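Per UniProt numbering, the sequence shown starts with residue 1, numbered consecutively. Have a look at the structure below before the remarks.
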Amino acid sequence: MALQLIDTGLLREQAYINGQWTSGDENTIDSIPVTNPATGEVIAHVPRLGEAETIRAVEAAEQAMTGWRRKTAKERAVLLRRWHDLMLEHQDDLAKLMTAEQGKPLPQAKGEVAYGASYLEWFAEEGKRAYGDIVPSHANDKRILVTKEPVGVVAAITPWNFPSAMIARKAAPALAAGCTIVIKPAEVTPLSALALAELADRAGIPAGVVNVVTGKASAIGGVMTSHPSVRKLSFTGSTPIGKLLIKQCADTVKKVSMELGGNAPFIVFDDADIDKAVEGAMVSKYRNSGQTCVCANRLFVQDGVYDEFIEKFVAKVRELSVGDCLVEDFDQGPLIDRAAVEKTDEHVQDAISKNGRLLCGGEQHVAGELFYTPTVIADATPDMQCYKEETFGPLAPVFRFKDEDDVIRMANDTEYGLASYFYANDLRRVFRVAEALEYGMVAVNEGILSTELAPFGGVKESGMGREGSRYGIDDYLEIKYILLGGM
Ligand code: ADP
Numbered sequence: 001m002a003l004q005l006i007d008t009g010l011l012r013e014q015a016y017i018n019g020q021w022t023s024g025d026e027n028t029i030d031s032i033p034v035t036n037p038a039t040g041e042v043i044a045h046v047p048r049l050g051e052a053e054t055i056r057a058v059e060a061a062e063q064a065m066t067g068w069r070r071k072t073a074k075e076r077a078v079l080l081r082r083w084h085d086l087m088l089e090h091q092d093d094l095a096k097l098m099t100a101e102q103g104k105p106l107p108q109a110k111g112e113v114a115y116g117a118s119y120l121e122w123f124a125e126e127g128k129r130a131y132g133d134i135v136p137s138h139a140n141d142k143r144i145l146v147t148k149e150p151v152g153v154v155a156a157i158t159p160w161n162f163p164s165a166m167i168a169r170k171a172a173p174a175l176a177a178g179c180t181i182v183i184k185p186a187e188v189t190p191l192s193a194l195a196l197a198e199l200a201d202r203a204g205i206p207a208g209v210v211n212v213v214t215g216k217a218s219a220i221g222g223v224m225t226s227h228p229s230v231r232k233l234s235f236t237g238s239t240p241i242g243k244l245l246i247k248q249c250a251d252t253v254k255k256v257s258m259e260l261g262g263n264a265p266f267i268v269f270d271d272a273d274i275d276k277a278v279e280g281a282m283v284s285k286y287r288n289s290g291q292t293c294v295c296a297n298r299l300f301v302q303d304g305v306y307d308e309f310i311e312k313f314v315a316k317v318r319e320l321s322v323g324d325c326l327v328e329d330f331d332q333g334p335l336i337d338r339a340a341v342e343k344t345d346e347h348v349q350d351a352i353s354k355n356g357r358l359l360c361g362g363e364q365h366v367a368g369e370l371f372y373t374p375t376v377i378a379d380a381t382p383d384m385q386c387y388k389e390e391t392f393g394p395l396a397p398v399f400r401f402k403d404e405d406d407v408i409r410m411a412n413d414t415e416y417g418l419a420s421y422f423y424a425n426d427l428r429r430v431f432r433v434a435e436a437l438e439y440g441m442v443a444v445n446e447g448i449l450s451t452e453l454a455p456f457g458g459v460k461e462s463g464m465g466r467e468g469s470r471y472g473i474d475d476y477l478e479i480k481y482i483l484l485g486g487m
C-alpha cells in the first residue's frame, strides 16, 4: 500500500546537513531501502553516507555553535516551541510515516509524536532556567561565580523502536542548552528522523544546528566518537554497542549519556489490586510488540495471587489483535526484523524446554513473516534465557515467588537497572520495595512511567545520564567556575 501523507514534503529521502538536503558525494552514491516490516514492501530510499559526510555535518554543527549559543535562551525557546507546534500540527502524517517504517499501531505512533514533542516544549522552558550560582567567597576581595555553558557539538545515535521520540528527547535539551547536534538515526527507521529535520527547517532553526546523517553505522559512529569537535555523545540502544561507543569516546574524553538495555521486573504482591496489575502488565509488556527498553521482561507474582493473576492476564492477552497497523487498528504490529522474531522464539522454546507452561501464543502469527503471537509462559524459572536477557518481543514469562526478600533478590539479579514495576498496597511495603530495587526508575501500581517531567534513565549496565525533567539539561551543560580577584 502506498504511503499517503497529507503533507508529502514530510517524506524526505535525503540526509540533512548544514540546512541542505543531500544525497552525498556523486562518487559515493548508494542507498538504503526502507521497508515496511508488516509487508516487506520498500517505501523509500535514503542515502548510505559515511565518514566524509559525517565530518561535514560535524563541521557545520561546530560553525553553527557560535550563533546558536549566543542567542538568548528565550530566542532558542521560541524556535523550539515552533518545532513542537509543527510536530503536533503534523502528528497524523508523522505517525503514519512511523507506522510504515516501524510497524507499531497508529495510536501508539501518534502518542510517540506527542511524547517527543513534549520534550521540545519542556526544554524550551528549562533552557531559561539553566541558572548559575554566586558562592560565598573564601576572601573579602574575591568573588566566586559559577556559570553553565553548552558542552559543544553533540552527536546522537538513536534506535528504531522509538524513531521519533528518542531524537526529540536528545535534540530538545541539547538545543535548549545552546548546543548543536548531529543525529544518526537507526538504519531501518530514518524517515521519522528526516521528517523531524524537515520540521526543524520549517521552524526556522538555523542551518547547521540540527543535522541528520543516514548511512553506515560504524563509519558515522566512528567519526562521531573520534572527531575532536564533538564534545558529547548521547546514545540510546543496546548495551554491547553502548559499551563499544564509550570505549571509542575515551580517546577524546567525550562526555557520554547512555540509555541502554533493561531487564525490567514486574512484581505483583499478594496485597495488590489484581485487575490493575493485569492492566499494567498488558501495557508494560505488549506495547510496541514488547520492543521497548522499559518493557516488563520478567513477571514475578506472589503465591497467593498467582493463579488469579495468570487466569485474568492470559484472558486479556488472548484478546490482543495482531496485524498490519497501516491497514487496520490492531493492538500489535510486526516485530522489526527476522532476528527479533528468532530471538523471541528462541526464548520461548528455551523456556518450554525447561518446563515452562505455555499458556498462549508461542508461534509466528499468521499475519506474516515478522508477526509473533503474544505469548505467556507460566512457571518460569531463573535458569531460563528470558530471566537473564531482554527478550524485546511479545513474551511474558511469569515467575512464582514466596516472599519479599526472595523477589527483591531475583529482581536485582541482573546487570541491568533501567525500569522496574510493582503492585502493592501496603504503604510500608511500597517504600521498602521501591528503595530496595536497584533500578533508575520504579513504577508503583502503574505500567507506564515515561513523561518529559521526570528523569528517565538507568543504573548499572543500563547506562548513565538522565533524559527529561529539570535534571535532563545538565547532561548538555558544563559548569564553569569564575574567580574575580582584587574586588
Ligand atoms: P538495536 O539492537 O536496538 O538495534 P543497536 O545498539 O544495534 O540496538 O542500535 C542502536 C543504534 O546504534 C542504531 O542507530 C544503530 O545503527 C547504531 N549502531 C549500531 N552499531 C553501531 C556502531 N558500531 N557504531 C555506531 N552506531 C552503531
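Glycine is no exception: its CB is placed at the ideal position from the N, C-alpha and C atoms. Just so it is clear, the structure is predicted and the values come from calculations on it, not from any experiment.
By Cβ distance, which residues of its chain are closer than 7 Å to LYS402, with the 5 residues on each side in sequence left out?
Closer than 7 Å at the Cβ level, and outside the excluded window around LYS402, lie ASP303.
When you compare the region 375 to 392 with the region 404 to 424, are there three or more beta-carbon pairs, one atom per stretch, that lie closer than 8 Å?
With the cut-off at 8 Å, the region 375 to 392 and the region 404 to 424 touch.
If we call anything under 8 Å between Cβ atoms a contact, is GLY290 one with GLY393?
In contact: GLY290 and GLY393 (Cβ atoms closer than 8 Å).
Considering Cα atoms alone, identify which of PRO265, GLY222 and PRO240 is closest to ASP251.
Cα-wise, what sits closest to ASP251 is GLY222.
Starting from ALA396 and walking both ways along the beta strand (DSSP E), at which residues does that stretch end?
Taken as a continuous stretch (DSSP letters only), the beta strand (DSSP E) holding ALA396 covers 395 to 401.
Contact defined as beta carbons within less than 8 Å: I believe GLU404 pairs with VAL430. What is the distance between those atoms, to the nearest angstrom?
No, GLU404 and VAL430 are not in contact; Cβ-Cβ is about 11 Å, not under 8 Å.
Kindly list the residues whose CB is nearer than 8 Å to the CB of GLN108, restricted to its own chain and excluding five residues on each side of it in sequence; keep chain order.
Cβ within range, chain order: ARG287 and ASN288.
Can you have a look at GLU435 and say buried or exposed, based on whether 16 or more other CB atoms are within 10 angstroms of its CB?
With fewer than 16 Cβ atoms within 10 Å of its Cβ, GLU435 is classed as exposed.
Does the distance between the C-beta of GLU187 and the nearest non-hydrogen atom of the ligand ADP fall short of 7 Å?
The answer is yes for GLU187.
List in chain order: all unbroken alpha helix (DSSP H) runs of 4+ residues lying wholly within the region 230 to 258.
Segments of the alpha helix (DSSP H) lying fully in the region 230 to 258: 239 to 250.
Return the CA-CA distance between GLU187 and GLU467, expressed in angstroms with no decimal places.
Going by the C-alpha atoms only, they are around 23 Å apart.
Any heavy atom of the ligand ADP closer than 7 Å to the Cβ of PRO37?
Not so, every heavy atom of the ligand ADP lies at least 7 Å from the Cβ.
Go through the region 65 to 134 residue by residue and report every complete run of the alpha helix (DSSP H) that reaches 4 residues or more, in order.
Whole alpha helix (DSSP H) segments, 4+ residues: 73 to 89, 91 to 102 and 106 to 126.
For the alpha helix (DSSP H) containing GLN349, list its first residue and its last residue.
Looking at the DSSP string, the run of the alpha helix (DSSP H) that includes GLN349 is 338 to 353.
On the premise that VAL154 lies in contact with PRO17, defined as a C-beta separation below 8 Å, what is that separation, rounded to the nearest angstrom?
Note on residue identity: the sequence assigns Ile, not Pro, to residue 17. Going by Cβ atoms, the distance from ILE17 to VAL154 rounds to 15 Å, so no, they are not a contact pair.
Expressed to the nearest angstrom, what Euclidean distance is found between the alpha-carbon atoms of GLU89 and ARG202?
GLU89 and ARG202: Cα-Cα distance of roughly 12 Å.
Touch check for the region 172 to 184 and the region 114 to 133: three-plus C-beta pairs under 8 Å?
The region 172 to 184, when compared against the region 114 to 133, does touch it at the 8 Å Cβ threshold.
Would you identify the three-state DSSP class for LEU10, choosing helix, strand or coil?
Three-state DSSP puts LEU10 in a helix.
Are PRO185 and ILE205 closer than 8 Å when you measure CB to CB?
Cβ distance not < 8 Å, so PRO185 and ILE205 don't count as in contact.
Is ILE241 near the ligand ADP, going by C-beta to nearest heavy atom under 7 Å?
Yes, the beta carbon of ILE241 sits closer than 7 Å to at least one heavy atom of the ligand ADP.
Determine contact between the region 338 to 354 and the region 305 to 317, defined as no fewer than three beta-carbon pairs at a distance below 8 Å.
Touching, no, given that fewer than three Cβ pairs across the two stretches are closer than 8 Å.
Below 8 Å, how does it come out for the region 293 to 303 and the region 60 to 74: are there three or more Cβ pairs, yes or no?
Flag = no, the region 293 to 303 and the region 60 to 74 do not touch.
Could you pull the start and end residues of the alpha helix (DSSP H) that ARG48 belongs to?
No alpha helix (DSSP H) holds ARG48; DSSP gives it neither H nor E.
To the nearest angstrom, how far is the alpha carbon of LYS460 from that of GLY417?
Computed Cα separation, rounded: 6 Å.
Any beta carbon from chain B within less than 8 Å of LEU395's own beta carbon?
No chain B appears in this structure, which consists of one protein chain only.
Express the C-alpha separation of MET384 and ASP350 in angstroms, rounding to a whole number.
ASP350 and MET384: Cα-Cα distance of roughly 7 Å.
Leaving aside the five residues before and after TRP83 along the sequence, list all residues of the same chain whose C-beta is less than 7 Å from its C-beta, in chain order.
For TRP83, where only same-chain residues beyond five positions count, the Cβ hits under 7 Å are LEU120, LEU199, ALA200, ALA203 and ILE205.
When you compare each of MET282, PRO150, THR189 and ALA165 to GLY178 by their alpha carbons, which one comes out closest?
GLY178 has its Cα closest to that of PRO150, out of MET282, PRO150, THR189 and ALA165.
Only counting the same chain, and skipping five residues up and downstream in sequence, which positions put a Cβ closer than 6 Å to that of ARG318?
Once the five neighbours on either side are set aside, the close Cβ partners of ARG318 are CYS360.
Quick check: what's the CA-CA separation for SER238 versus ALA272?
Those two C-alpha atoms are separated by around 33 Å.
Compute the beta-carbon to beta-carbon distance between LYS110 and ALA95, rounded to the nearest angstrom, for a pair I have assumed lies under 8 Å.
With a Cβ gap of about 4 Å, LYS110 and ALA95 count as contacting.
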